[in-house]
Each structure stands twice: as C-alpha cells, then as structure tokens.
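Trainee: Those protein sequences? They're chains D and V, same order as listed.
According to the numbering used here, the first sequence is numbered sequentially starting from 1.
According to the numbering used here, the second sequence is numbered sequentially starting from 327.
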Amino acid sequence: MESEPITLPFTPTGQRAMSAAHRGAARANPAGRIVAELRGVRKHYGTVQALRGVDLQVRSGEVLALLGPNGAGKTTAVGLLLGLLKPTAGEVSLFGGDPSSTAAKVRVGAMLQISGVPATLKVREHLELFASYYPAPLSVARALELADLTEVADRPYGKLSGGQKQRVHFALALVGNPDLLFLDEPTTGLDVGARRAFWEQVRDFIGSGRTVVLTTHYLEEADALADRIVVVDHGAVIAEGTPAEVKSRTAGRRIHAVTSLGRDEVLALENVVSVERNGAALEILASHAEPVVLELLQRDPALRDLEVGGAGLEDAFLALTNRPQA
Amino acid sequence: MTTATAHPTTAAKRNLPRLYLLETKYEFLKLWRLRAYSLSTLVFPVMFYLIFGSSFGGFSTQGIRVAAYLMVSYAAVGVINAAVFAFGAGVAGERGQGWMMLKRVSPMPASAYFTAKTLMAVMFSVLVLVALTITAFLLQGVHLPVLTWLKLLGTLAAGVLPFAALGLAFGYALGPNSAPTVLNLVNLPMTFVSGLYIPITQLPPFVQHIAPYLPAYHFGQLALTAIGAHPVGTVGHHLLALAAFTAVFLALFIRAYRRDEGRTYG
C-alpha cells in the first residue's frame, strides 16, 4: 500500500530530518509513568468551547507536542495542566495530584506566552530569584549557559533583544531543574536561525530524560523536537502518534501532474484530500496514491509530468485541520 | 553535586527565609531603578516641602508648627504614593505582562509576592521620612524627640496597608495601561483634599467636609497626632475609618481577583 510506484519519477518531499523519530524510538517509553493527565476535560469560556472533551496523557520521559492552529485549544490545555484554569468538566492531574499544589509546582517549569518580565532587573537577578522558589534548582551559571545568556547576564531585561528575552523566559523555565517542562509556543516571533538555535538548546536540556509538553503551530518544530504529536483542532484531539505515524497515517502521498482535469473534478475523487492548482499542474494530496493515479490516467490519458512523493508533516497537518469538503 | 542537579529530590527543602528576602530585595531594586517611581515617591515630597514649607512654615495649625505639619503630611504623601503605585500600577502592569502568570505557575508562595511589595513600600516610607526629616531640620529647624520620631515612623509604615489595599482594588479593576493614569487622577485630588499638601484647616470649609470620606485624611490625621498635633476628630474614629476603608478595598480586590481568574490568568 505504501510502496512507491518506482516506474514513476519520484520527488521525495518528506526528507526532513528523522532525528526526532530516531530519538523517539530510543526515548519513548510506552510504559512510562503518567506525569500529567486530562480526563474528559471540557473548558468553556462563556459560550466559547475551548476544549470539548479532551483526554491526554503525558508519560515520563517523552517529548509531547500539541500541534494545532491558533485557537485550537493548546494553550487552554497547558493552562489546565498548570493549574491556572479550572476545567468546566472532567479531571486534571499533575504528578498524580492537584496541579496548583506546591508539591506539583516544584517539579514543573514553564515557558509561557508572556510579553515580558520586569525591565529593570538584570538577567542574573531574575534567575537568582526564580531559582530560590525551587528545592533543588540549577545553578544560575548553568541556567545562563543552557540558555546562551552568559554574555548578557548583567544586562537589565529591558535592554535585551527579542530573541534574548525569549531565552530569558526559557531560562526561567529550566532554572528550577524541573522534571516536566512546558513550552507554550516557545519560538513564536523568532526568525528561522533563532528558532533552530533554540531547538538545539531545548535538545541539550531535555537530553537527560526530562518530560516536555510543547505547544506549537509550527509543524517543523513538532517534527524536530517531539517523540509524539497530538494534533488538536477546534478543542478536540484529531490525531495522535509519532511524527512518522502522523505523517503516514493521515496524509499518504502528494501527487503532482499536468492535466486538463479541473480542480473540482479531482477533489471529488475518492482518497483525495486536497487539490491546488499550480500553473498548468495540479498538486494533489491523497490518502492513497495508487487508486488516485489510476483514476487520473483513465480520465485524462494526456496527463503528463506525473510525480508522486511522500507528504510532509505540513501536508498531514493541513489535511487534518482542513477536513476535505464532502 | 553532579547527581544532585540531575533531578530535584523531594527530600530537598527550599530555604524560605532566603526566598522571602530575595523577593523583597528584588521588589525594592526593581522599583528603585524605575525613576518614575523613586522620583515620585521620594523626590516630589521633598520638592513640595521646599516650596510650601518655606512659604508657610512659620505659621501654626492643630497646635503644631506648619513646618512640622508639612514634614509629616508630605511623608504621608510619599507613603501613599509608594503603596498605591507599587500595588496598583505595579500589579496591573505585572498582570498585563504575564509576569504574574509566570509567578503563579512557579512554586513561589503567593504570600511572598505580597509580603515583598509591602516591605518594599515600608522601606520607601522610611526613606521618604528620613529625607523629609533632614530637609525640615535644615530648612525650618524642625526636630522631634527620638521616640516621637519612631512613633511617627511606625504610624507611617502601618499606613502602607490601607493604601496597598486601595492599590490592589484599583490594580485588579483596571487594565495595565489605564492604571497609572487613573491612580494619578485619584491620588492627587485625594491627598490634596485630605490636607496633605496644604494644612486641612486652611482649606475651604466644603473641602473640609469632603475630607472625612477619604482614607488619606484619616491617615494624615493619625500621623499628625503621632507628633503631638491636636487631631480633628478622635484617634479612635480615624483608626476605625481606616480599618473600614481597608476592608472595603480588600473586598473589592478579592471580587476582582475572582472574576479575573481564568480570564487573564492573573
């Protein structure tokens, strides 16, 4: 089913680094203890349903990505797990207890979507203060080093660049030496270089078997860091698995062909998830390539420049969140 | 050492006194370095004393020299500013930034945050009184017996509490952008009408009738009584009024805090 028809020219598009998946195989521990959990959780804000019945388990040692577009409910899920919000219905537990208990909080670090911390305090001072909240924190020097802040340690927060400020928020999350680290949209607003550098810092920090819950709407970020991806949309979990599984299960293949067939006609075919016109060509996302290719060739014998490739995570995500119009 | 940093052990205990000390230290440094705050709290009262103290210092009111009256009342203004802005504008700003949310997620005891802000405002109260004591002595030869001065200091420091409550009530009711402006609009008329800029006895009668409805008036009268002024009204009545204001502001704060919960996380 999944094998490529080798007679056709083939453009691999799913060539993104497999490092996360490999690391996942080494790290993932299905029998790991559950450290954080949502059970049948609903959360309403007035008439807005942010979460509509979500079950989520975070296991010790895994890097879990909550992936979804803005407004999907990711940040609400994090807010509930951190005890900032109370569920409308359902249960939330963190280290087997109440998320807002001190016993749970001393084991957690969080990088949240905040606009800043007091501008007049120096980076080192912020870290010294935050470290004092925890029973066994990292040394300030170590936290500075992990977040690449050593050089600006004595600069007031208000004088830092945007990227440096983001790294201070990261350092504040890890200085408590947490077992469980929450990263809520950690690289929003960073350029590509800064984002990749940040992933390296996260990898360095989590290498020693820490548990991480990451929310992101950057697919590449989930792919680069996570062992397991939970795709969230409109307040519900719509897919779950390793990055490789999410890709293969949901998106199948990307088909490229120059054809006289209309976009709508192709979209109506079975197994077709989405169709985009690209000049004379159609870019087709299909759950299974073979029956679609067969059908295309039957309908348009003049079809040419046919290419079939693996779909990237981005395609999978699009396919999942823009459900095919019936 | 190296294994101890790999994972926090539940056996390890936090050093709570150090936690409270650091929270207070950085709360103080944070605002000390903020010129808008330290200037309005420390420099303005001294500046006003230089102007009004030189003009009216020789007269007397409520049984004391105006030079001494104004030293006390401008110190009260400094205390009110320190408390109202640290709690009102400070809390509103820190909620708006998300700093409060980060603190709430951390295992910091909530009491550390409020204790630190209170102690910080008390430290500013000490500083403003010292600055005014020196100015009043040099300019007008005002000097108080040590015990009287300490009694005044104690009264001023205790005054942090009602105005911290006022600040909290406004800080939670207002957005981070409007808080400083609104608090200025409340603070300046309140302190003026309460007789803290110009002796209450020199204000028009209708203003004197408004004053008892303001917490700053009762606070000012208590501070003046501490140095031996004849109070307008009785000490018990001023204490009761301040306690009532504090209770109302705290109730407003708690209501806004509950309403706020789950909306802005703050």
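Backbone N, C-alpha and C fix where the C-beta goes; we use that ideal spot for every residue, glycine too.
Computed from a prediction, not measured in an experiment: that's the story for all the values here.
1. Quick one: grab the DSSP three-state call for V:Pro343.
2. Helix, strand or coil, according to DSSP, for V:Val388 in the structure here?
3. Which same chain residues end up closer than 6 Å to V:Val533 when comparing Cβ atoms and leaving out the 5 residues on each side of it in sequence?
4. With a floor of 4 residues, list each alpha helix (DSSP H) that falls wholly inside the region 375-446 of chain V, ordered by position along the chain.
5. Compare the C-beta of V:Ser498 against all C-beta atoms of chain D and say whether one is closer than 9 Å.
6. To the nearest angstrom, how far is the alpha carbon of D:Ala72 from that of V:Leu396?
7. Could you pull out every residue in the same chain whose Cβ sits closer than 6 Å to the Cβ of D:His340, ignoring the five residues on either side in sequence?
8. Could you tell me which whole alpha helix (DSSP H) segments of length 4 or greater appear in the region 76-151 of chain D?
9. Which word fits D:Gly24, buried or exposed, when buried means at least 16 other C-beta atoms lie within 10 angstroms of its C-beta?
10. Buried or exposed for V:Gly485, please, with buried defined as at least 16 other CB atoms from any protein chain shown within 10 angstroms of its CB.
11. Taking only beta-carbon atoms, is D:Thr120 less than 9 Å away from chain V?
12. Taking CB distances under 9 Å as the criterion, tell me whether V:Leu360 reaches chain D.
13. From the DSSP output, in three-state form, read off D:Gln15 for me.
14. Give the list of continuous beta strand (DSSP E) stretches no shorter than 3 residues that lie fully inside the region 231-318 of chain D.
15. In this structure, how does DSSP classify D:Val212 when only helix, strand and coil are distinguished?
16. Going by DSSP, what residue range makes up the beta strand (DSSP E) through D:Glu221?
17. State the start and end residues of the unbroken alpha helix (DSSP H) segment that holds D:Asp204.
18. With distances taken Cα to Cα, identify the nearest neighbour of V:Tyr439 among V:Val448, V:Phe450, V:Ser451 and V:Met426.
19. Going by Cα to Cα distance, which pick from D:Leu261, D:Asn271, D:Phe130 and D:Ala280 is closest to D:Leu297?
20. Grab me the residues of D:His22's own chain with a C-beta within less than 7 Å of its C-beta, minus the 5 sequence neighbours each way, in chain order.
21. So, do the region 538-554 of chain V and the region 452-460 of chain V have three or more beta carbon pairs nearer to each other than 8 Å?
22. Between the C-alpha atoms of V:Tyr346 and V:Ala402, what's the straight-line distance to the nearest angstrom?
23. Please report how far the alpha carbon of V:Lys443 lies from the alpha carbon of V:Pro525, in whole angstroms.
24. Any C-beta of chain V sitting closer than 9 Å to the C-beta of D:Lys105?
25. Leaving out five residues before and five after V:Glu420 in sequence, what residues of the same chain have Cβ atoms less than 7 Å from its Cβ?
26. Taking C-beta pairs closer than 8 Å, name the residues in chain D that V:Leu368 reaches, listed in chain order.
27. Determine the chain D residues that contact V:Tyr352 at a beta-carbon separation under 7 Å, and present them in chain order.
28. Below 9 Å between beta carbons: does that hold for V:Leu360 and D:Thr120?
29. Looking at the unbroken alpha helix (DSSP H) that takes in D:Lys159, where does it start and where does it end?
30. Answer yes or no: do V:Leu550 and V:Ser364 have a C-beta to C-beta separation smaller than 9 Å?
31. Closer than 9 Å, CB to CB, is D:Ser132 near chain V or not?
32. For the region 33-50 of chain D against the region 74-81 of chain D, do three or more pairs of beta-carbon atoms, one drawn from each stretch, fall closer than 8 Å, so that the two count as touching?
33. Beta-carbon separation of V:Arg430 and D:Ser132 under 9 Å?
34. State the Cα-Cα distance for the pair D:Val35 and D:Arg196, rounded to the nearest angstrom.
35. In three-state DSSP terms, what is V:Tyr543?
36. Straight-line CA distance for D:Ser93 to D:Leu56?
Mentor: Working from what's here:
1. helix
2. Checking the sequence, you will find Gln at residue 388 of chain V rather than Val. Of the three classes helix, strand and coil, the one that applies to V:Gln388 here is coil, per DSSP.
3. Val519
4. 392-410, 416-423 and 425-431
5. According to the sequence provided, residue 498 of chain V is Tyr. The question's Ser does not apply to it. With 9 Å as the cut-off, V:Tyr498 does not count as an interface residue toward chain D.
6. For D:Ala72 and V:Leu396, the distance between alpha carbons rounds to 59 Å.
7. There is simply no residue 340 of chain D to check, as chain D begins at 1 and stops at 326 in what is shown.
8. Counting only runs of 4 or more, we get 102-105, 123-131 and 140-146.
9. Per-residue confidence for D:Gly24 stands at a pLDDT of 44, beneath the threshold of 50, marking its modelled position as unreliable; no derived number is given.
10. buried
11. yes
12. yes
13. Its pLDDT being 34, under 50, D:Gln15 is placed unreliably in this model, and the value from its coordinates should be taken loosely. Correct three-state label for D:Gln15: coil.
14. 236-241, 253-258, 272-278, 281-286 and 304-310
15. Strand, per DSSP.
16. Element bounds for D:Glu221: not the beta strand (DSSP E) but the alpha helix (DSSP H), Leu219 to Leu225.
17. Val192 to Ile206
18. V:Met426
19. D:Leu261
20. With a pLDDT of 42 at D:His22, under the threshold of 50, the modelled position of this residue cannot be trusted, and the question is left open.
21. no
22. Spanning the two alpha carbons is a distance of roughly 26 Å.
23. 30 Å
24. yes
25. Met426
26. Near V:Leu368 there are no residues of chain D at all, since even the closest Cβ is about 16 Å away, more than 8 Å.
27. Within chain D, the residues placing a beta-carbon under 7 Å from that of V:Tyr352 are Leu121, Glu125 and Leu129, ordered along the chain.
28. yes
29. Here D:Lys159 belongs to no alpha helix (DSSP H), and DSSP marks it neither H nor E.
30. no
31. yes
32. Verdict: yes, contact present.
33. no
34. 28 Å
35. In the structure shown, V:Tyr543 sits in a helix (DSSP, three-state: H, G or I).
36. 11 Å
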